[in-house]
Amino acid sequence: MGSAHAATPQAAICTSDNPELADKLSQDINSALDGSPATTAISLHDRTTNTTCTLDADRTFDSASTVKVTVLATLLWDAQKEDRALTQEEKDRATAMITQSDNDATTALWKQLGTDRISGFLQAAGMTNTTLDSEGHWGLTQITANDEEKLLHLVTHANPVLNEDSRAYILKLTSEVIPSQRWGTPAGAPSDAQVHVKNGWLERATNGWRVHSLGAFTGGDHDYTITVLSQDNATMDDGIATIEGIARAVHKNLNAPASSAHSPG
Numbered sequence: 000m001g002s003a004h005a006a007t008p009q010a011a012i013c014t015s016d017n018p019e020l021a022d023k024l025s026q027d028i029n030s031a032l033d034g035s036p037a038t039t040a041i042s043l044h045d046r047t048t049n050t051t052c053t054l055d056a057d058r059t060f061d062s063a064s065t066v067k068v069t070v071l072a073t074l075l076w077d078a079q080k081e082d083r084a085l086t087q088e089e090k091d092r093a094t095a096m097i098t099q100s101d102n103d104a105t106t107a108l109w110k111q112l113g114t115d116r117i118s119g120f121l122q123a124a125g126m127t128n129t130t131l132d133s134e135g136h137w138g139l140t141q142i143t144a145n146d147e148e149k150l151l152h153l154v155t156h157a158n159p160v161l162n163e164d165s166r167a168y169i170l171k172l173t174s175e176v177i178p179s180q181r182w183g184t185p186a187g188a189p190s191d192a193q194v195h196v197k198n199g200w201l202e203r204a205t206n207g208w209r210v211h212s213l214g215a216f217t218g219g220d221h222d223y224t225i226t227v228l229s230q231d232n233a234t235m236d237d238g239i240a241t242i243e244g245i246a247r248a249v250h251k252n253l254n255a256p257a258s259s260a261h262s263p264g
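Numbering that gives the first Met the number 0 numbers the first residue of the sequence shown as 0 and each following residue consecutively.
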């Protein structure tokens, strides 16, 4: 059987305590991906409705700047073990790294921590499919959507790995990202949600642009996280557009009024 399409992209699969919601989400996410030539992976979880959606969520991608959340989490995890507060220099670097995606600050913290500590954190976090680059390039850390979701889960809920203060600090910095870097998963988020985001973008000779977005949505009865990773984007804007199409579908469905009387016809 000949086909015009070389490879049929996999479809996002959703499960939920509300089966109707799961069907609608799968449908809307897949239609947002329709026609996109990019390779996209998705992992999301909504605690309120116990809804999960995944698409190719164990595929590895170059992390680009999304790894900065892991660097911050490692820094805090390590400080917890030493029972110490962060120094002013560490705070300044962490703030620049997350809110402005500053690369020099990231490199300084990466060197300070060293790969053993970062690997130790990944193990403690259960991020077993995340691997560090053998030559030490933090932006080439291999990540998966499912592992990034594990990280977002640790940041948003009480757990033995990151204590209350560490989690609050990560949530604070990811809510203060500069406006020009707040694209991606926050697109279409409800106005009463507290939005936390960290994006990544990187162009390489192979597989075009990597464009990724990690989002956590809390406050005002919202409790969900969205990870979208992508490559083979012709431009950075193409990647952003695809991620935002997915994000709008997710926010719309997770925040739809319970009564079907008000849903658009």
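Ideal Cβ placement from N, Cα and C applies to all residues, glycine included.
- Residue burial annotation: GLN87 is exposed, with fewer than 16 other C-beta atoms found within 10 angstroms of its C-beta.
- Comparing alpha-carbon positions, the option among THR205, LYS149, ALA107 and TRP137 lying closest to THR53 turns out to be LYS149.
- Note that the C-beta distance between TRP208 and THR234 is below 8 angstroms.
- In this structure, TRP76 and SER165 form a Cβ contact; the two beta carbons are roughly 7 angstroms apart against a cut-off of 8 angstroms.
- Distance from the CA atom of GLU134 to the CA atom of LEU112, rounded to whole angstroms, is 16 angstroms.
- Contact between ALA37 and SER229 holds: CB atoms are separated by about 5 angstroms, below the 8 angstroms threshold.
- For HIS152, there is no enclosing beta strand (DSSP E); the residue is found in the alpha helix (DSSP H) stretching over 144-155.
- In this structure, ASP45 places its C-beta atom within 8 angstroms of the C-beta atom of LEU253.
- About 6 angstroms separates the beta carbon of PRO185 from that of GLY214, a gap short enough to meet the 8 angstroms contact definition.
- In the three-state reduction of the DSSP assignment, SER62 falls in the coil class, being assigned neither a helical nor a strand state.
- DSSP, read as helix, strand or coil, puts ASP132 in coil.
- If you draw a straight line from the Cα of VAL227 to the Cα of LYS80, it comes to about 31 angstroms.
- Here the C-alpha atom of LYS67 lies approximately 13 angstroms from the C-alpha atom of ASP61.
- Membership of SER174 in any alpha helix (DSSP H) is not indicated, and neither H nor E is assigned to it by DSSP.
- Shown here, GLY199 sits in a strand according to DSSP, grouped into three states.
- In the three-state reduction of the DSSP assignment, GLY207 falls in the strand class.
- Per DSSP, LEU20 lies in no beta strand (DSSP E); the unbroken alpha helix (DSSP H) holding it starts and ends at 18-32.
- By the neighbour-count criterion, in which a residue is buried when 16 or more other Cβ atoms sit within 10 angstroms of its Cβ, ILE177 is exposed.
- ASP132 is a Cβ neighbour of THR140, given a cutoff of 8 angstroms.
- Distance between SER25 and GLU19, taken at the CA atoms: about 10 angstroms.
- Nearest to HIS195 by alpha-carbon distance, out of ASP222, ARG203 and GLY138, is ASP222.
- Linking THR224 to ALA204 through their CA atoms gives a straight-line distance of about 31 angstroms.
- When the Cα atoms are used, ILE97 and LEU85 turn out to be separated by approximately 15 angstroms.
- Excluding sequence positions up to five before and after GLY183, its CB lies within less than 6 angstroms of the CB of ASN198, SER212 and ILE242, all in the same chain and listed in chain order.
- VAL194 carries a strand assignment under DSSP once its states are collapsed to helix, strand and coil.
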